[in-house]
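Note that this note's numbering has the sequence shown beginning at 1, numbered continuously upward.
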Amino acid sequence: MNRRTILSTTVVGASTLSGCLSMLPSLDSDTPLPKAPTGAWTQYGADGTNTFATNASAPPRGNLAWTSEAFTRWQPVVSDGTVYLTNFDPSNDGSAIALDAQDGTEQWRTTLNASGDHGTVVVDDRFLVAYDTELVALDPQMGEEIWTERTNGIDSTELLVADEATGTVLVASESGIEAFSAADGEKHWDIDTVRQLVRAPAVSDGRVFAVGNVDAAPSLVALSLEDGSERWRREFTSTPGSAAPVATKEGVVVVDDRTLVVYNEATGDRLRELHSFDESEDPQTVAAADGTVFVTTASGVVAVDVETGAERWRRDVPVSYVAGICVGTETVVLPVDDPDFASGEITISAFDRKSGELRWYYGFDPGFHHQVTSPPVLVDGAVFFTATHIDGLGALGDVPERDS
């Protein structure tokens with residue numbers, strides 16, 4: 001495996017966080033992407049609405065371009081040609097790290113001395129990291145600390161959400177939701193009526209849509225983004241599954257008792273049921289784009305019409321347990337384990353968005369505990385992923401295939 005060594009380190013900043021700029025040598029057999037990737041994937045669900053969709057084109061082929069020297073196993077975020085990641089692990093220094101998206105060279109590294117559950121987001125010209133009971137805003141160009149605020153904690157990567165329009169950052173946990181200003185860290189509100197959130201809340205048109213428990217009852221709740229007050233709530237049939245709510249122009253799409261349901265954003269009216277899954281098809285991730293909802297389960301991916309629920313296409317493939325899906329302008333990308341088209345391999349696979357036909361895949365030997373460790377991220381001309389066989393971040397793009 002091609003790895004890189006750091007030649008020198010320059011310390012920047014004088015705060016309690018240490019930011020440093022790493023200069024890297026030649027890329028050996030690593031290959032820069034043909035051009036700097038454009039577009040952004042700034043948080044868990046691509047943006048605050050949790051659509052997992054972006055106005056970007058996947059590369060025409062998905063060959064491995066470069067891998068990071070920096071260790072990571074968590075989903076990165078991407079903005080303005082930079083990939084932001086973390087190496088939060090007991091064997092590492094718990095740093096926030098910025099890489100050049102085209103060739104993977106390290107731009108800066110800020111040590112936070114943290115480990116465990118955390119989340120990252122880019123919003124309002126800030127790279128924010130929530131971990132332990134801290135929310136830290138870093139300068140995206142140099143990695144220096146701008147502000148730090150205390151939180152009630154964060155329970156998973158998926159529970160940090162930002163609203164791009166207002167610069168509001170939501171930190172969710174077992175105990176509720178907090179809202180902060182990305183610009184200066186000021187806390188706007190803190191509510192504990194919604195607990196044990198399943199995944200990231202969705203933000204749209206001044207409302208926050210959260211799936212969790214209210215008075216011990218599984219519910220979908222709409223809150224005011226401005227002050228956290230409750231707008232409406234709807235009780236679910238059963239304990240919520242793993243899929244996050246998705247805010248679309250057709251309504252809020254959620255999973256209730258393995259059934260896709262659409263609610264009116266303003267009133268909470270239950271508009272329609274789209275599609276039901278059996279016990280072997282418990283939905284993992286729901287994505288949406290241009291009138292189509294894409295759902296991954298352990299046994300495949302299905303695309304359905306958001307108005308009628310009609311099935312547009314289905315691929316019966318074993319989707320990786322980390323789930324995750326990226327919806328681009330022409331392509332849907334997701335991790336797939338041991339498919340018929342790549343027997344015995346773990347893959348990042350790209351399917352045609354309209355037909356579900358296979359476009360390309362990047363595969364690797366499962367080996368000993370080899371696996372994809374976070375949902376892939378799509379920007380224009382590149383797919384970024386993390387996996388144990390590279391022990392870091394990998395970039396897929398339109399480059400020549402490497403020799404085995």
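Here a beta-carbon is modelled for each residue, glycine too, at the ideal position from N, C-alpha and C. Since the model is a prediction, treat every value here as computed from it, not as a measurement.
Below 8 Å on the Cβ atoms is my contact criterion, and I expect residue 193 with residue 230 to pass it. Report the Cβ-Cβ distance as a whole number of Å. Yes, residue 193 and residue 230 are in contact; Cβ-Cβ is about 7 Å, under 8 Å.
According to DSSP, simplified to helix, strand and coil, what is residue 12? Residue placement at residue 12 is poorly supported in this model, since its pLDDT is 33, which falls under 50; the coordinates still yield a value, given next. Looking at residue 12 - three-state DSSP - the assignment turns out to be strand.
Residue closest to residue 226, alpha-carbon to alpha-carbon, out of 327, 170, 271: 170
My understanding is that residue 328 touches residue 56, with C-beta atoms under 8 Å, so please give their C-beta distance in whole angstroms. The beta-carbon distance between residue 328 and residue 56, rounded to whole angstroms, is 5 Å. This is short enough to meet the 8 Å contact definition.
Limits of the unbroken beta strand (DSSP E) element including residue 288: 285 to 289 is the span of the beta strand (DSSP E), which, as asked, contains residue 288.
Can you round the beta-carbon distance between residue 405 and residue 122 to whole angstroms, since I take them to be within the 8 Å contact cut? Look at the range of the chain in this structure, 1 to 404, and you will see that residue 405 is not part of it.
Just grab the DSSP bridge partners of residue 63 for me. 397
Would a C-beta distance cut-off of 8 Å place residue 204 and residue 247 closer than the cut-off? yes
Going by DSSP, name the residue or residues bridged to residue 127. 122, 138
Per DSSP, cross-strand counterpart(s) of residue 44: Answer is none; residue 44 lacks a bridge partner.
Consult DSSP for residue 335 and reduce its assignment to one of helix, strand or coil. DSSP places residue 335 within a strand segment (E or B) once states are collapsed to three.
Entirely enclosed beta strand (DSSP E) segments - the segment 266 to 312, minimum 3 residues: 270 to 276, 285 to 289, 292 to 297, 300 to 305
Candidates 386, 207, 235: which alpha carbon is nearest residue 215's? 235
Is the distance from the Cβ of residue 223 to the Cβ of residue 208 below 8 Å? yes
I'd like to know if the segment 66 to 78 and the segment 342 to 356 are in contact, where contact means that at least 3 CB-CB pairs between them fall below 8 Å. no
By Cβ distance, which residues of its chain are closer than 8 Å to residue 116, with the 5 residues on each side in sequence left out? 88, 131, 132
Beta-carbon proximity list for residue 97, same chain, < 6 Å, skipping 5 on both sides: Closer than 6 Å at the Cβ level, and outside the excluded window around residue 97, lie 70, 85, 109.
Any idea which residues DSSP pairs residue 149 with across the strands? 135
Using a C-beta cutoff of 8 Å, does residue 353 count as contacting chain B? Absent here is chain B; the protein component of the structure consists of one chain.
Could you give the DSSP three-state label for residue 391: helix, strand or coil? coil
Using the DSSP secondary-structure output, state which residues sit across from residue 363 in a beta bridge. 347
Would you tell me roughly how many angstroms separate the C-alpha atoms of residue 191 and residue 176, rounded to the nearest one? 6 Å
Please name the residue, chosen from 269, 101, 340, that lies closest to residue 318 on a Cα-to-Cα basis. 340
Burial state of residue 362 (16 or more Cβ within 10 Å): buried
How big is the Cα-Cα spacing for residue 392 and residue 279? 34 Å
Are the CB atoms of residue 167 and residue 183 within a distance shorter than 8 Å? Yes, the pair counts as a contact, with Cβ atoms nearer than the cut-off.
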